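The sequence shown: position 103 = 104 (my numbering), numbered continuously. Inspection log for the structure reproduced underneath, given as structure tokens.
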Amino acid sequence: SLSLPLSLSLSLSLSLSLSLSHAVSLSVLSCVRCDEITVKGSEGGDAVINCPSQKGSESYTKYLQKGGYSDGVDVIRSNGRSEWNHSGRVSLQDKKDRNIFTVTIHDLTLEDAGTYGCGVDNWGADFYTQVNLNIGKSH
């Protein structure tokens, strides 16, 4: 019964030290609030993603990226000033008065399914939400 807590303690110590070394070298890639939402859509339809923002970030750049937080590729990025931004099949509406921004992906394909992230650019740590987009076949 002594070996179980001992191996647990060793494992915890190892992951803590790894965590600290990554936190120091990747401090820019941290997020203030890391929530997760799931959005469902149908092939050929639209997916509407409501991303939370925060008071005080009205003029900050908002974005949707495909992939994880540290390795995602931009799908759309606002300029921080306009209410509407468009890029191909994707539009972003910044609802500054409601502290959310809405990203709509039009004419969905099965390849659009996957992990995305929406966030608000912020010095030091982004306000970030992971989005799991599920696409069903159209009938």
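Glycine residues also receive a C-beta, built at the ideal position from the N, C-alpha and C atoms. A quick note: this is a predicted structure, and the numbers were derived from the prediction, not measured.
### In DSSP terms, what N133 is bridged to
T39, T116
### Task
Can you tell me which of the three DSSP states R90 falls into?
coil
### Task
Starting from Y64, follow its DSSP beta bridges and name the residues at the other end.
R78, G120
### Message
Assuming contact is defined by CB atoms lying nearer than 9 Å, are Y64 and V49 in contact in what I supplied?
### Response
no
### Message
With a threshold of 9 Å between beta carbons, is N100 in contact with chain D?
### Response
Absent from the structure: chain D. Only one protein chain is present.
### Task
Since I believe C119 is in contact with T130 (beta carbons under 8 Å), could you give me their beta-carbon distance rounded to a whole number of angstroms?
5 Å
### Query
In the DSSP assignment, what residue or residues form a beta bridge with N51?
T103
### Message
If you reduce the DSSP assignment to three classes, tell me which class K96 lands in.
### Response
strand
#### Entry: Other residues of its chain near N135: CB distance less than 8 Å, five sequence neighbours each side excluded
T39, V40, K41, G42, A114
### Query
How long is the line joining the alpha carbons of V29 and N123, rounded to whole angstroms?
With a pLDDT of 38 at V29, under the threshold of 50, the predicted position of this residue should be treated as unreliable, though the coordinate-derived value follows. Distance between the alpha carbons of V29 and N123: 10 Å.
### Query
Looking only at C-alpha atoms, which of N100, R78, Y61 sits nearest to K67?
R78
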